[in-house]
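**Q** Have a look at this one.
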Ligand SMILES: [Zn+2]
Ligand SMILES: [Zn+2]
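Have a look at this one:
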């Protein structure tokens, strides 16, 4: 693979090849080790300026990116743009022009509109990393989920992974879906039909309408966060009923034919999509996901900056 | 107008004279005298020059009754920065249209006779294509109280519509159809069930699932299509269904027509040439309402144009300022410009592949719109109004929005090479547009 192996930007997993995804995962492995050292810093991105541009609040993702950037010695600026100032007329195209004028090197963008990261990437020279755009993609989350599964299972080929919950509105679900399929996993989805895209059957996934069936089938469950506003919008009758019908509970897992790896991108609604004893139980890899998040983001920053994979190893020294 | 005293003659010489309204299709001449058709058909030989004669060489070109667009948005009053009646009328002429109907969703809404009169006066000043106002169905297009149809028709409106918005209330639609009967005008509806379409930005399907955009299902349109057809059956009113986009709508219209219900329908060039795939990359110039659908819908709509289930083609020309489209997909406005590409899109996507003939094309763009909306034109019959379109069926050109007459630049055809182009547009015996003139 050449220096520009994953392109100028990371906008989603839909357009990456299996080789490119594997390259990022392989690159993340040595970076994970850096985070375990006493001095968690390497000079790889020294002198580079990265803007974390967050148009909606996401403490977890922002902190994870910030750690990744700082551990690679980049200079970072956090810009939080509230929804209200966007609607007052500060357009994304103006933002793009201003960023371009400030000669920054990379932008990490989180935005409530699908396609916003691509919109920015098409208009600026800097590398753009999509940290979640609307209900489209959240590629670094998808990658850290893949890394976590790869660590647990060795290979993803033939692995049966089920995405549970609000697939319709989930950017994590889309990134997972493309990434898992490209690496040879079988993907299932499970949730009320009102929270699954109508065309989901055409995407090559197995659709479960009962969580018991999903548990029976899967080797890993990736449990998506149920946004409370979905209930107000009438997609489901109540959170209580959601837990009763679709919640991943200890009792349901106990009846599974095998141990199932439990994942959740966070933040969790305990007692809704996931029960506490599942989230904190022996099969949960939720905290490993968080650790892998930093490593994967370091790998992405490094590769977009033009780093070669073999140098990732050298960067440790 | 300056020289009204002298007789004015326009001689369109040597073209393929094609007028489906009279069954005419032969190489010959069209002579217009003082704004009226004096002759259409066989070559005339020497013409007595008893006035100012303008002769246009039409060899290799098609000479047809002028195209009529029953659905466009000219933005004046309210958004003169994106279009005025004058620029819209010039864009129409450049696209081969001799007349257009302007939708009333302006600011303020065209919902009274004074507003109708304003549009007619502005159009006269433009001296390009004719502009016929369409009045609102409801006051302020708020969907509550009926607007004053009678006065608006008296002032020159040719139809009523709340286009831009659906008529959400079935009761209001019923009343509009009943009330409109007195004036024998169509009630044109933007068919969209608002709760199903709510928040949607494109067609609901596999592309919306991939792009993470909220979709608008076919049923949002079809529920209103069948509602309107049933209300037309109940009331006897003439319902005209705007910008049809789905296969299901075609089937419902066919069902209505088979039963003799007074339903007519239009389709836009973009819905018979593009699919939802055009949205890939979050291309806001492919964002429109109703949205671009699937290849199966496109095929069904093309077939419906051919067999007449869909009566006519209308552009739904909707100019926007470029920076309004230069934004996040879900926040960008709906609509594209269409007056200057309509003919070429139809020639390229319907005539060239052999789906329809030039005669059908002219019928759906000229004769049928005149018939359905009760407008003058749409024929070259002797004594009729001298509205004529001359086009080159073989001209190949690359769409460059920068060269458009409309102020709008929002075209999904930008950069595409299309075939077919208006060469000369004549309105009331006056040449209002000549390409490369
Ligand atoms: Zn409309
Ligand atoms: Zn319209």
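Chains as they are written, first to last, in the working numbering: chain A, 96 to 412; chain B, 461 to 897.
Note that the Cβ used here is the ideal one computed from N, Cα and C, for glycine as well.
(1) Which chain A residues sit within Cβ distance under 7 Å of residue 669 (chain B)?
(2) In chain order, what residues of the region 680-710 of chain B put their CB closer than 9 Å to some CB of chain A?
(3) Excluding five sequence neighbours on each side, which residues of the same chain lie with their C-beta closer than 6 Å to the C-beta of residue 301 (chain A)?
(4) Residue 173 (chain A): buried (16+ other C-beta within 10 angstroms of its C-beta) or exposed?
(5) Determine the chain B residues that contact residue 269 (chain A) at a beta-carbon separation under 8 Å, and present them in chain order.
(6) What are the boundary residues of the alpha helix (DSSP H) that includes residue 171 (chain A)?
(7) Taking 8 Å as the CB-CB cut-off, is residue 187 (chain A) touching chain B?
(8) Which of helix, strand or coil does DSSP assign to residue 883 (chain B)?
(9) Counting pairs of Cβ atoms below 8 Å between the region 714-721 of chain B and the region 730-748 of chain B, do you hit three or more?
(10) Under the three-state reduction of DSSP, which class applies to residue 854 (chain B): helix, strand or coil?
(11) With respect to 7 Å, is the separation between the Cβ of residue 228 (chain A) and the closest non-hydrogen atom of ligand 2 below this value?
(12) Using the Cα positions of residue 624 (chain B) and residue 875 (chain B), report the straight-line distance between them to the nearest angstrom.
(13) Which residues bound the beta strand (DSSP E) around residue 478 (chain B)?
(14) What whole-angstrom Cβ distance do residue 355 (chain A) and residue 289 (chain A) have, given they're in contact under 8 Å?
(15) For ligand 2, is there any heavy atom lying closer than 7 Å to the beta carbon of residue 533 (chain B)?
(16) Under 7 Å Cβ to Cβ from residue 781 (chain B), same chain only, skipping five residues before and after it: list those, please.
(17) Taking just the CA atoms, how far does residue 127 (chain A) sit from residue 209 (chain A)?
(18) For residue 726 (chain B), name the three-state secondary structure that DSSP assigns.
(19) Quick check: the Cα distance between residue 849 (chain B) and residue 859 (chain B), rounded to an integer number of angstroms?
(20) Which of the three DSSP states, helix, strand or coil, is assigned to residue 893 (chain B)?
(21) Using three-state DSSP, classify residue 496 (chain B) as helix, strand or coil.
(22) Tell me whether residue 585 (chain B) is buried or exposed, calling it buried when 16 or more other Cβ atoms sit within 10 Å of its Cβ.
(23) Using a Cβ-based criterion (distance less than 7 Å to any ligand heavy atom), does residue 702 (chain B) qualify as near ligand 2?
(24) Under the rule that 16 or more other beta-carbon atoms within 10 Å means buried, what is residue 626 (chain B), buried or exposed?
(25) Against chain A, with Cβ distances strictly below 8 Å, would residue 757 (chain B) count as a contact?
(26) Comparing C-alpha positions only, which one of B:761, B:539, B:794 and B:701 sits nearest to residue 739 (chain B)?
(27) When you get a sec, list the residues whose CB is within less than 5 Å of any heavy atom of ligand 3, chain order please.
(28) According to DSSP, is residue 527 (chain B) part of a helix, a strand, or is it coil?
(29) For residue 98 (chain A), does the three-state DSSP call read helix, strand or coil?
(30) According to DSSP, simplified to helix, strand and coil, what is residue 364 (chain A)?
(31) Any beta carbon of chain A sitting closer than 8 Å to that of residue 664 (chain B)?
(32) Would you be able to state if there are at least three C-beta pairs under 8 Å between the region 210-225 of chain A and the region 103-122 of chain A?
(33) Measuring straight from C-alpha to C-alpha, what distance separates residue 345 (chain A) and residue 373 (chain A)?
(34) Please report whether the beta-carbon of residue 786 (chain B) lies at a distance below 8 Å from any beta-carbon of chain A.
(35) Please report the residue range of the beta strand (DSSP E) in which residue 316 (chain A) lies.
(36) Is residue 197 (chain A) buried or exposed, if buried means 16 or more other CB atoms sit within 10 Å of its CB?
**A** This is what the structure gives:
(1) Under the 7 Å cutoff, chain A gives 292, 294, 295 and 298.
(2) Answer set for the region 680-710 of chain B: empty.
(3) Cβ within range, chain order: 283.
(4) Residue 173 (chain A) is classed as exposed because its beta carbon has fewer than 16 other beta carbons within 10 Å across all chains shown.
(5) What residue 269 (chain A) touches in chain B: 670 and 672.
(6) Counted as a single uninterrupted DSSP element, the stretch harbouring residue 171 (chain A) is not any alpha helix (DSSP H) but the beta strand (DSSP E) occupying residues 170-175.
(7) Yes, residue 187 (chain A) lies at the interface with chain B (some Cβ there is under 8 Å from its Cβ).
(8) Taken through DSSP and simplified to helix, strand or coil, residue 883 (chain B) comes out as strand.
(9) Contact between the region 714-721 of chain B and the region 730-748 of chain B is absent, because fewer than three Cβ pairs lie under 8 Å.
(10) Residue 854 (chain B): strand per DSSP, three-state reduction.
(11) The answer is no for residue 228 (chain A).
(12) Rounded to whole angstroms, the separation of the alpha carbons of residue 875 (chain B) and residue 624 (chain B) is 28 Å.
(13) 468-479 is the extent of the beta strand (DSSP E) around residue 478 (chain B).
(14) About 25 Å separates the CB atoms of residue 355 (chain A) and residue 289 (chain A); that is not less than 8 Å, and the two are not in contact.
(15) Checking every heavy atom of ligand 2 against the Cβ of residue 533 (chain B), one is found closer than 7 Å.
(16) So the list reads 541 and 542, once near-sequence residues are dropped.
(17) For residue 209 (chain A) and residue 127 (chain A), the distance between alpha carbons rounds to 30 Å.
(18) In the structure shown, residue 726 (chain B) sits in a strand (DSSP, three-state: E or B).
(19) Across the structure, residue 849 (chain B) and residue 859 (chain B) are spaced so that their CA atoms are roughly 20 Å apart.
(20) When secondary structure is reduced to three states using DSSP, residue 893 (chain B) falls in the strand class.
(21) Look at residue 496 (chain B) here: in three-state DSSP terms it is strand.
(22) Residue 585 (chain B) is exposed by the Cβ-count criterion.
(23) In this structure, ligand 2 has a non-hydrogen atom nearer than 7 Å to the beta-carbon of residue 702 (chain B).
(24) So residue 626 (chain B) ends up on the buried side.
(25) So, not an interface residue.
(26) The shortest Cα separation from residue 739 (chain B) among B:761, B:539, B:794 and B:701 belongs to B:794.
(27) Among the ligands present in this structure, namely ligand 1 and ligand 2, ligand 3 is not found.
(28) Residue 527 (chain B): strand per DSSP, three-state reduction.
(29) Legend: pLDDT at residue 98 (chain A) = 44, less than 50; position of this residue unreliable, no value from coordinates given.
(30) For residue 364 (chain A), the secondary structure class from DSSP, reduced to helix, strand or coil, is coil.
(31) Residue contact check for residue 664 (chain B) against chain A: a CB pair falls below 8 Å.
(32) Verdict: yes, contact present.
(33) Taking the straight line joining both Cα atoms gives about 6 Å.
(34) Chain A, which has a Cβ nearer than 8 Å to the Cβ of residue 786 (chain B), makes this yes.
(35) Unbroken beta strand (DSSP E) run through residue 316 (chain A): 315-318.
(36) Under a 10 Å Cβ-count criterion, residue 197 (chain A) is classified as exposed, with fewer than 16 other Cβ atoms of the shown protein chains found around its own Cβ.
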